[in-house]
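S.K.:
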Amino acid sequence: MDAFAASICKGLSEKTRSIKNSLSIGFVFGFFQALMPVIGFLLGRNFADAIRAIDHWIAFFLLGFLGLQMIKESREAYCEVNHGFDLRSLTRMGIATSIDALAVGVGLAFLNIDIVKSASTIGIVTAILSIVGFKIGSKLGVKSKQVSEFVGGLILIGLGVKILIEHLFLQ
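In my numbering, the protein residues as written are 941 to 1111.
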């Protein structure tokens, strides 16, 4: 949802809304949103055995914190976007919008999941949402950025609660 919100802002700020620009933002955001959970997953696996007894609490707090941060950011009625579609500019935006995915990847390391399948799904969904966000940014305005961040925050909090409940009550 961070990438979607940034794409909306990018759509608001750009005069040229070409197919090339849409695909560029989708590819870069999708790439980094897929890469970061893999990095976090690999880092988390190194520590998984040492903290297995509290892994559900770690995932809960990480996702809850990130979700609350997104909800807080959804209250800000502005878009902060650097201009241009050069690779350096898009890479900075891609990394900035995917840092939280690194923390999610650490949380995923404690679950029995296929990280390649998960990261691929995350990347594809992010690419599609980023393209859509870029296209509709100029039509919907800043309000759509706020709604997307708020919903994304609720989803992250919900995932954290789900992980905690499953571990505490369903095992």
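In this text, a Cβ means the ideal position worked out from N, Cα and C, and glycines have one as well.
Is the beta carbon of F981 sitting closer than 8 Å to the one on G1034?
M.R.: Taking 8 Å as the Cβ cut-off, F981 and G1034 do not qualify as a contacting pair.
S.K.: Spatial neighbours of L1108 within its chain, please: C-beta separation below 8 Å, excluding the five flanking residues on both sides.
M.R.: The answer, listed in chain order, is H996.
S.K.: Between G1093 and I1039, is the Cβ-Cβ spacing less than 8 Å?
M.R.: Not closer than 8 Å, so no.
S.K.: How big is the Cα-Cα spacing for S1064 and L1099?
M.R.: A small correction: the amino acid at residue 1064 is Ile; Ser does not occupy that position in the sequence shown. Approximately 20 Å between the Cα atoms of the pair.
S.K.: Note down the Cα distance separating I965 from I1068, rounded to an integer number of angstroms.
M.R.: Cα to Cα, I965 sits roughly 10 Å from I1068.
S.K.: Thinking C-beta only, is K950 closer than 8 Å to G1047?
M.R.: Cβ atoms of G1047 and K950: not closer than 8 Å.
S.K.: What is the rounded straight-line gap between the Cα of I1062 and the Cα of N986?
M.R.: Approximately 22 Å between the Cα atoms of the pair.
S.K.: Given a threshold of 16 other Cβ atoms within 10 Å of its Cβ, counted over all protein chains shown, does T1066 qualify as buried or as exposed?
M.R.: T1066 is buried by the Cβ-count criterion.
S.K.: Pull up the distance between the alpha-carbon of S1114 and that of S947, whole angstroms please.
M.R.: Here the chain has residues from 941 to 1111 only, and residue 1114 is not among them.
S.K.: What are the boundary residues of the alpha helix (DSSP H) that includes R1015?
M.R.: Note, R1015: premise wrong, no alpha helix (DSSP H); not H, not E.
S.K.: Quick one: is D1026 buried, meaning 16 or more other Cβ sit within 10 Å of its Cβ, or exposed?
M.R.: Flag for D1026 reads exposed.
S.K.: Put N961 into one of helix, strand or coil per three-state DSSP.
M.R.: It is helical.
S.K.: Would the beta-carbon of T1031 fall within 8 Å of that of D942?
M.R.: The answer is no: Cβ separation not under 8 Å.
S.K.: Rounding to the nearest angstrom, what Cα-Cα distance links A990 and F1050 in this structure?
M.R.: Their backbone Cα atoms lie some 11 Å apart in a straight line.
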